[in-house]
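The structure appears right after this line, and notes come after that.
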Ligand code: PGA
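Numbering (our numbering), first residue to last: 2 to 255.
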């Protein structure tokens, strides 16, 4: 029997919003969540660091969870401008996104660094959302599966299991472009990731581990993506910035 995996709808706010936007968005989602009996999905929002405290207040008691977009690999110390996983857990974060392609590009993060950050998140008692994904050039060259397998192997932290780690497949060419992966493209990569996970963490954990799709997911395309056998949720950027769209995606999971 196929493992039952709870759909995770995760909002990656990136570098967007001011206090008033965050308050409205987080409390709008909290309100909807409170009214939903036994939601078929887990909902997560990942605001920019300075808005985490405010968002934590706005979602308290609602069931909406809080996450961060990055953390440092080391526990504490002289790292100006960085934020430790321990502090993020302390202020209420349940997850940390690591290895997003924008961080891999903007900050030249390597698989090794991503793995260390994911490990720090796990050590702090949070879940790691480990992002991988190929570029358009890599896809065109027929290398999509090879690239994703390599990133997965290099970025997965030791001690990863289905409870503490989520994989996000985000084709770089689909992020923020409106060019969403077709269901066939998404399923092909998700299935290959799950197969690769068998070798890395064993068949039981691989069957239980959630693999999110990310890249131009919208209310209009969410249902067909979330219905795919190996797609267990979404990591959503643009459409996570307003209540109607983000809730519309979550509703497609029900
Ligand atoms: P997008 O971003 O939904 O705006 O394409 C997804 C992501 O980068 O996590």
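Yeah, the Cβ is synthetic: ideal placement off N, Cα and C, and Gly gets one too.
Bear in mind that the values here come from a model prediction, so they are computed numbers and not experimental data.
Check, Outcome
"Might you give, ordered along the chain, the residues of its own chain that have their beta carbon closer than 6 Å to the beta carbon of residue 155, omitting 5 neighbours on each side?", "112"
"Report all residues from its chain with a CB closer than 6 Å to the CB of residue 19; omit the five preceding and five following residues, and keep chain order.", "none"
"Figure out for me which residue from 162, 79 and 42 has the closest Cα to the Cα of residue 247.", "42"
"Suppose contacts are defined by Cβ-Cβ distances below 8 Å. Is residue 152 in contact with residue 133 by that definition?", "yes"
"Comparing the CB of residue 223 with every heavy atom of the ligand PGA, is any distance shorter than 7 Å?", "no"
"Tell me, please, which residues DSSP counts as bridged to residue 129.", "97 and 166"
"Just checking, does the segment 96 to 112 make contact with the segment 5 to 21 on the three C-beta pairs under 8 Å criterion?", "yes"
"Sort 174, 127 and 23 by Cα distance to residue 138 and report the nearest one.", "174"
"Do residue 217 and residue 183 count as a contact pair if the criterion is CB distance below 8 Å?", "no"
"Which of helix, strand or coil does DSSP assign to residue 118?", "helix"
"Is the distance from the Cβ of residue 211 to the Cβ of residue 167 below 8 Å?", "yes"
"Quick one: is residue 222 buried, meaning 16 or more other Cβ sit within 10 Å of its Cβ, or exposed?", "buried"
"Counting along the chain, where does the beta strand (DSSP E) carrying residue 75 start and finish?", "Counting along the chain, residue 75 falls outside any beta strand (DSSP E), and DSSP gives it neither H nor E."
"Under 7 Å from any heavy atom of the ligand PGA, does the C-beta of residue 217 make it?", "yes"
"Alpha carbon to alpha carbon, how far is residue 108 from residue 87?", "22 Å"
"Apart from the five residues just before and just after residue 1, which ones in its own chain have a Cβ nearer than 8 Å to its Cβ?", "In this structure the chain extends from 2 to 255, so residue 1 is not present and cannot be described."
"Just list the residues that DSSP pairs residue 44 with in beta bridges.", "10"
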